[in-house]
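Single-structure report; data block below.
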Amino acid sequence: MEDIALKILGNNQRGQSALESAVVIPIILILAVAASQVGFMVYTKMLMQQASREAARIISTTNSNALAMETVKDICGDDARVTIDPVDVSSRSPGDMVTVMVSKKPAGFIQIIDWAAGSKGILDSRAIMRMECGKDDA
3 MEDIALKILG NNQRGQSALE SAVVIPIILI LAVAASQVGF MVYTKMLMQQ
53 ASREAARIIS TTNSNALAME TVKDICGDDA RVTIDPVDVS SRSPGDMVTV
103 MVSKKPAGFI QIIDWAAGSK GILDSRAIMR MECGKDDA
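Going by this note's numbering, 80 is the number at position 78 of the sequence shown; the sequence numbering is gapless.
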């Protein structure tokens with residue numbers, strides 16, 4: 003009796019495998035895309051840290067805001083926002099601290115998540131260095 007039921011209903015292992023694959027493959031793809039996006043965000047954050055350190059070093063040694071901004075744009079791209087404190091070149095003297103902050107909106111699928119969540123996800127990096135030259139040295 004059991005043999006007849008198996009012949010009528012069939013032993014459809016291929017159908018079960020196809021269904022399991024249809025459920026598992028999208029999950030694996032979503033995890034792979036998420037991992038690559040996290041890696042891209044870490045890479046972008048590292049670039050921004052490098053750019054802010056380099057800009058702070060340039061300002062502390064040359065007292066040039068323009069050269070620091072150009073360097074950040076070269077490293078991070080034109081969409082990076084740079085904030086320098088103190089912004090006035092003539093107010094800096096040797097021994098003062100200068101702060102450079104670089105901020106940028108992340109690219110990729112993260113923008114879709116930010117839009118859906120209603121947040122404004124922005125990566126930022128800050129570097130602080132002591133001035134080695136002042137307004138008279140520039």
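Even for Gly, the Cβ is constructed at its ideal location relative to N, Cα and C. As the structure is a computational prediction, the values presented were derived from the model and not from experiment.
CB of residue i within 8 Å of CB of residue j, strictly
{"i": "Ile141", "j": "Ala109", "result": "No answer is possible for residue 141: it lies beyond the span of the chain, which begins at 3 and ends at 140."}
{"i": "Lys75", "j": "Ser127", "result": "no"}
Beta-carbon contacts of residue i that lie in its chain and below 8 Å, excluding the five residues immediately before and after
{"i": "Gly79", "result": "Lys106"}
{"i": "Pro88", "result": "Arg94, Asp98, Val100"}
CB-CB length for residue i against residue j, believed under 8 Å
{"i": "Met131", "j": "Ser62", "result": "4 Å"}
{"i": "Ala58", "j": "Val102", "result": "4 Å"}
{"i": "Ile112", "j": "Gln18", "result": "The pair is not a contact, with the Cβ atoms about 37 Å apart (cut-off 8 Å)."}
In DSSP terms, what residue i is bridged to
{"i": "Thr101", "result": "Asp87, Ile130"}
{"i": "Lys106", "result": "Leu125"}
C-beta neighbour in chain D for residue i, strict 8 Å
{"i": "Ser105", "result": "The structure shown contains no chain D, having only a single protein chain."}
Contact set for residue i: own chain, Cβ-Cβ below 6 Å, skip 5 residues either direction
{"i": "Met43", "result": "Pro108"}
{"i": "Thr64", "result": "none"}
Neighbour-count burial assignment, residue i, 16 or more Cβ in a 10 Å radius
{"i": "Val25", "result": "exposed"}
{"i": "Thr85", "result": "exposed"}
Spatial neighbours of residue i in its chain, beta-carbon cut-off 7 Å, leaving aside the 5 residues before and after
{"i": "Arg55", "result": "Ala129"}
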